[in-house]
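Below is one structure, written out as structure tokens, with a few remarks after it.
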Amino acid sequence: MRDARPLARRLVRAGLGLAARLTPRPSTNDGRGAAEVTTELARLTDAGQHDAAIALARATIGDLGTDAPFLDQVRATAGAAGELSLQREATLLRLHGLRSPLHAPLRARMATNARVLEGRWLETSPDWAPTIEPSVLEGLTPVTDPVPGRVLHVVKQSLPRSPSGYTFRSRYNLLAQRDAGLDPVVVTEVDYGPSVGALAEELVDGIRTIHLSREDVPENEPWDAHLDAWATALAPVVAAVRPAAIVAHSGSRGYEGALVALAVGRALGVPVVYEVRGFFESLWGKDLGRVEAAEVFRRRRDTDTRCMEAADAVVTLSETMRADIVGRGVPASRVHVMPNGVDTEAFSPVEPGSERARAVTDLRARLGLTDRFTFGYVSNLDHRREAQELLVDAAVELNRRGVAASAVIVGDGLRRAEIEDHARATGALERGEVVITGRVPHEQVLDHYALLDVFVVPRIDERAARLVSPLKPFEAMAAGRAVVVSDLPALSEIVGSGDDARGAVFTAGDASSLADVLGRLAGDPAERDRLGAAARAWVVAHRRWADNGPRYAEIIRNLDAGAEMNRNLVQQKITGLMPTRKDLVDSTPAILRGTVLGSILGGGAAPPGGGWPTAPRPMSSGTCTLR
930 MRDARPLARR
940 LVRAGLGLAA
950 RLTPRPSTND
960 GRGAAEVTTE
970 LARLTDAGQH
980 DAAIALARAT
990 IGDLGTDAPF
1000 LDQVRATAGA
1010 AGELSLQREA
1020 TLLRLHGLRS
1030 PLHAPLRARM
1040 ATNARVLEGR
1050 WLETSPDWAP
1060 TIEPSVLEGL
1070 TPVTDPVPGR
1080 VLHVVKQSLP
1090 RSPSGYTFRS
1100 RYNLLAQRDA
1110 GLDPVVVTEV
1120 DYGPSVGALA
1130 EELVDGIRTI
1140 HLSREDVPEN
1150 EPWDAHLDAW
1160 ATALAPVVAA
1170 VRPAAIVAHS
1180 GSRGYEGALV
1190 ALAVGRALGV
1200 PVVYEVRGFF
1210 ESLWGKDLGR
1220 VEAAEVFRRR
1230 RDTDTRCMEA
1240 ADAVVTLSET
1250 MRADIVGRGV
1260 PASRVHVMPN
1270 GVDTEAFSPV
1280 EPGSERARAV
1290 TDLRARLGLT
1300 DRFTFGYVSN
1310 LDHRREAQEL
1320 LVDAAVELNR
1330 RGVAASAVIV
1340 GDGLRRAEIE
1350 DHARATGALE
1360 RGEVVITGRV
1370 PHEQVLDHYA
1380 LLDVFVVPRI
1390 DERAARLVSP
1400 LKPFEAMAAG
1410 RAVVVSDLPA
1420 LSEIVGSGDD
1430 ARGAVFTAGD
1440 ASSLADVLGR
1450 LAGDPAERDR
1460 LGAAARAWVV
1470 AHRRWADNGP
1480 RYAEIIRNLD
1490 AGAEMNRNLV
1500 QQKITGLMPT
1510 RKDLVDSTPA
1520 ILRGTVLGSI
1530 LGGGAAPPGG
1540 GWPTAPRPMS
1550 SGTCTLR
């Protein structure tokens, strides 16, 4: 007998479609119909006219808020513009309109979307903090006798599973801390570890690394619920490890690890250092012209700032970033620079006549670069700020000027095809003026640095690029390469100026300006050698990973009674951000109060502070293995 369910589903969809066509669509007070406004919203959004699109959506949602196609377009418009409150409003109105039993599957999907949006909203709300399961917290003892020098690092990712600039910075700084007499321990984000197998704990470069996991990982878990689970899993680790301090490393949204570490540290009496590795509020969308104008940008930035204010100390990558943090109101005395660095022994100039020199010569030949001036960049190909297209355009311009030059782009990522298409459209790829290698093994990266006559960081003028220094230029400088960077503050800080110049700059976003600088260096090998030697000398003196160990040790030593007093004062000002241990225990049973989403779904409650109640997630004894 044939299954009748597919036919039934088709009939239901057809019936719903007919009902939608027969239902009169609303119109605005000025006579515009829902279809007309919906079409205009789509046009404005596709054209990147986000301010106009948002203004139109807000002006008409009161009249058209019962029209499903209109609400779906508002959701898309608000998502593209980063207007989270409007996206939530349209989603809740859409959910409210799904009353028929025939709408049950769609209602379930829309309820999930609404809950996810609610989680995004709560995570960036000033009165919200991750909640540790009270049943877990009640069984833990505050850390009153920490192990001297032990530092627990809360990270998103770790080696060997995730080789990246993020994890290599962690690796080198952890080794430097160990060499400086500290006892670093790493704990990764909850549910990061299961894919490495049943392993709950391992040694990575001799550093104890703990992976938190749950037996069942929910699908489409909202951000707030995920951070609750992370804090609940982390608390027993902190109680068992007894660190003198917790260091929270910023992650994909910046502040998520800090929120978790601050909640656990407050509950168990452990000071928290927040290592700010970037300003991730800029990374929510691809439209760089819209990024900083969006509501989600402001909410994420404010949340990150609250975490900086609440931490006992803040560590960041450069003086440029430090100035930004201090400018937000964080006391300068609590903000420390822990720069990106390099292993100056692993990354070193090629000795003429050596086996490495022969390997680099062979690599040049294989890539068709013999007798050509070479310049390029080693980086992932994921974000537009890296602007590898400028390298392509500069190569085309140099060859037009009579310089036999090739741009070498080393790396892989989401934008590789886009960059290749650009190189192909200019004819540069076919003419050998551009070489895109793809990802290369880590042990071969140094040879790719060595084949470049000039290392270029072509970042465009974008907020994160202005403030955050990448890791790769330090490696190139240690390898003795001449370095050219766009004239952004974080990059100019690296290459210096005047008598202290150890690199050159060009106008950000200007391929002709880059070609001018490269053209001069192409004709002056002696200047390239001088810049390479100066760059090498500077990183040896100022940017060795090993130097960060004593810096970290001093910060940990200075988390004394005075710092504790300062922390308490800050925490009193933002008690809504991080409830006390007693608050967390006493919140069960919580004071219940309804929410908009809860009322639409037929009831629900939230604990004080605006959080959404989640079903208890019992912690099994196998959540993590502790020694």
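Under my numbering, the residue at position 311 of the sequence shown is numbered 1240, and the numbers go up by one with no gaps. Glycine residues also receive a C-beta, built at the ideal position from the N, C-alpha and C atoms.
Is residue i near residue j, with beta carbons less than 8 angstroms apart?
i: V1205; j: V1244; result: yes
i: S1441; j: E1326; result: yes
i: V1337; j: V1383; result: no
i: A1419; j: L1375; result: no
i: A1019; j: V1003; result: yes
i: R1036; j: L1022; result: no
i: T957; j: T1006; result: no
i: V1119; j: V1176; result: no
i: V1279; j: V1289; result: yes
i: I1365; j: E1347; result: no
i: L1488; j: P1059; result: no
i: G1068; j: G1110; result: no
i: E1052; j: W1152; result: yes
i: R1049; j: F1208; result: no
i: A1187; j: V1080; result: no
i: E1238; j: G1256; result: no
Where residue i and residue j are concerned, what is the direct C-alpha to C-alpha distance, given to the nearest angstrom?
i: S1335; j: L1381; result: 10 angstroms
i: M1250; j: G1361; result: 39 angstroms
i: T1273; j: P1402; result: 13 angstroms
i: N1309; j: G960; result: 51 angstroms
i: G1505; j: I1061; result: Any reading at G1505 must be qualified, since the residue scores a pLDDT of 43, below 50, and its modelled position is unreliable; no value is offered.
i: A1261; j: S1283; result: 48 angstroms
i: V966; j: A1394; result: 38 angstroms
i: A1160; j: D1241; result: 19 angstroms
i: A1390; j: F1226; result: Sequence check: residue 1390 is Asp here, not Ala. Using only the alpha carbons, I get a separation of about 17 angstroms.
i: T1559; j: T1138; result: Given a span of 930 to 1556 for the chain in the structure shown, any question on residue 1559 remains unanswerable.
i: N1042; j: A1223; result: 20 angstroms
i: V1386; j: P1399; result: 9 angstroms
i: R1313; j: A1324; result: 19 angstroms
i: T1299; j: P1165; result: 59 angstroms
i: S1093; j: R1143; result: 25 angstroms
i: A1405; j: A1411; result: 8 angstroms
i: E1483; j: Q1106; result: 11 angstroms
i: L993; j: H1025; result: 14 angstroms
i: A1033; j: A997; result: 15 angstroms
i: R1301; j: L1320; result: 15 angstroms
How would you write the range of the alpha helix (DSSP H) that residue i sits in, first residue to last?
i: G1367; result: Premise fails: G1367 lies in the beta strand (DSSP E), V1363 to G1367, not in any alpha helix (DSSP H).
i: L1000; result: A997 to A1010
i: H1377; result: V1374 to A1379
i: V1446; result: A1440 to A1451
i: F1097; result: G1094 to D1108
i: A1462; result: P1454 to H1471
i: E1204; result: It is not in any alpha helix (DSSP H) - E1204 instead sits in the beta strand (DSSP E) that spans V1201 to V1205.
i: G1256; result: E1248 to G1256
i: H1265; result: Premise fails: H1265 lies in the beta strand (DSSP E), V1264 to V1266, not in any alpha helix (DSSP H).
i: F1276; result: Taken as a continuous stretch (DSSP letters only), F1276 belongs to no alpha helix (DSSP H), as it is neither H nor E.
i: F1435; result: Here F1435 belongs to no alpha helix (DSSP H); instead the beta strand (DSSP E) covers A1433 to F1435.
Let me confirm a value: residue i is counted as buried when at least 16 other C-beta atoms fall within 10 Å, else exposed. Which label applies?
i: H979; result: buried
i: H1377; result: buried
i: K1215; result: exposed
i: A1433; result: buried
i: R1431; result: buried
i: D1291; result: exposed
i: T1070; result: exposed
i: E1315; result: buried
i: H1155; result: buried
i: Q1373; result: exposed
i: Q1501; result: Since pLDDT at Q1501 reaches only 47, below the 50 mark, its modelled position is unreliable, and the value read off the structure follows with that caveat. Exposed.
i: G1305; result: buried
Taking residue i as part of the beta strand (DSSP E), name the residues at either end of that continuous run.
i: E1130; result: E1130 to V1133
i: H1351; result: Careful: H1351 lies outside any beta strand (DSSP E), inside the alpha helix (DSSP H) at R1345 to T1355.
i: T1117; result: D1112 to T1117
i: T1138; result: I1136 to I1139
i: A1419; result: A1419 -> not in any beta strand (DSSP E); alpha helix (DSSP H) instead, spanning P1418 to V1424.
i: I1484; result: No beta strand (DSSP E) contains I1484, which is instead part of the alpha helix (DSSP H) from N1477 to R1486.
Determine, using beta carbons only, whether residue i comes closer than 8 angstroms to chain C.
i: R1182; result: Among the protein chains of the structure shown there is no chain C, as only one such chain exists.
Quick check: does the Cβ of residue i come within less than 7 angstroms of any heavy atom belonging to the ligand MN?
i: G1282; result: The ligand MN is not part of this structure, which contains no ligands at all.
(message) Which complete beta strand (DSSP E) runs does the region 1019-1079 hold, if anything under 3 residues is left out?
(response) The region 1019-1079 contains no whole beta strand (DSSP E) run of 3 or more residues.
(request) Just list the beta strand (DSSP E) runs in the region 1291-1329, keeping only unbroken ones of 3 residues or longer that don't cross its boundaries, in chain order. (result) Counting whole runs of 3 or more residues, the region 1291-1329 contains the beta strand (DSSP E) stretches 1302-1307.
(request) Please go through the region 1167-1216 and give each complete beta strand (DSSP E) segment of 3 or more residues, from N-terminal end onward. (result) As for any beta strand (DSSP E) of minimum length 3 sitting wholly inside the region 1167-1216, the runs are 1174-1178 and 1201-1205, ordered along the chain.
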